[in-house]
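Asker: Structure incoming, see below.
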Amino acid sequence: MARKEIKGELGTLRKTVTAQRSEIAALKRDLKALTSQVHALTKAQEKAATIVVRQQAALGQSNALSDSQQATSGAQESEGGKVRGGRQFTFSHEALIAKRQALHMTQKEMARLLGVSMVSVYNWETGEVTPRAAQLERVREVLKMGVRAARKQIAD
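Set out below in structure tokens:
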């Protein structure tokens, strides 16, 4: 007799468990969708903020950021460094060699342009060492330079 009573109760419990499991699965799907949506919106907002900053910088109005943009950029800087759009710069020793050759410079001249020693330039070009963050910014600037600008800076 007791088995029959328990069997009926177990049937309802199984139905409840099945319903709860399917509800949990649906909630997980919803959570995943909302998380990806938040991520996409965050990326879009960052991209829009960088575009606005670039446009204002081009117009000479870089100090005229709105409060919301300052808040988002401040939050991004506190999270992980500088706010930049696009890809992060990665050092390539082949690019440095190619740029030095395109500028028709010796390693000594390139070292002067970069503000480092000849040994550093040699080590960077051979790929043994990568520049530190402080020098990486200067390398990035030099890679963007033209021949005239580079020659002018060496002359100064």
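Numbered according to full-length UniProt numbering, the sequence shown spans residues 1 to 156. No residue lacks a Cβ here, since even glycine has one placed at the ideal position from N, Cα and C. These numbers come from a predicted model, not from an experiment.
Buried or exposed, going by whether 16 or more other CB atoms sit within 10 Å of the CB of residue 111?
Answerer: buried
Asker: The alpha helix (DSSP H) spanning residue 130 covers which residue range?
Answerer: No alpha helix (DSSP H) contains residue 130, which DSSP labels as neither H nor E.
Asker: If you drop the 5 nearest sequence neighbours on each side, which residues of the same chain put their C-beta closer than 7 Å to that of residue 116?
Answerer: Take residue 116, set aside five residues on each side of it, and the residues of its chain with a beta-carbon closer than 7 Å to its own are 135, in chain order.
Asker: Below 8 Å on the Cβ atoms is my contact criterion, and I expect residue 99 with residue 143 to pass it. Report the Cβ-Cβ distance as a whole number of Å.
Answerer: 5 Å
Asker: With distances taken from CA atoms, which of 119, 123, 126, 102 is nearest residue 149?
Answerer: 102
Asker: Note down the Cα distance separating residue 137 from residue 36, rounded to an integer number of angstroms.
Answerer: 33 Å
Asker: Which same chain residues, not among the five before or five after residue 75, have their C-beta less than 7 Å away from its C-beta?
Answerer: The predicted model places residue 75 with a pLDDT of 46, which falls under 50 and marks its position as unreliable, so this point remains unresolved.
Asker: Nearest-angstrom Cα distance between residue 64 and residue 49?
Answerer: Unreliable placement is indicated for residue 64, whose pLDDT of 47 sits below 50; the coordinate value is still reported in the next sentence. Distance between the alpha carbons of residue 64 and residue 49: 13 Å.
Asker: Here's the rule: buried if 16 or more other CB atoms are within 10 angstroms of the residue's CB, otherwise exposed. What is residue 121?
Answerer: buried
Asker: Using a Cβ-Cβ cutoff of less than 6 Å, which residues in the same chain neighbour residue 130 once the five nearest sequence positions on both sides are dropped?
Answerer: So the list reads 91, once near-sequence residues are dropped.
Asker: Buried or exposed: where does residue 114 fall if 16 or more other Cβ atoms within 10 Å of its Cβ makes it buried?
Answerer: buried
Asker: Straight-line CA distance for residue 52 to residue 44?
Answerer: Spanning the two alpha carbons is a distance of roughly 12 Å.
Asker: Return helix, strand or coil for residue 152, following the three-state DSSP convention.
Answerer: helix
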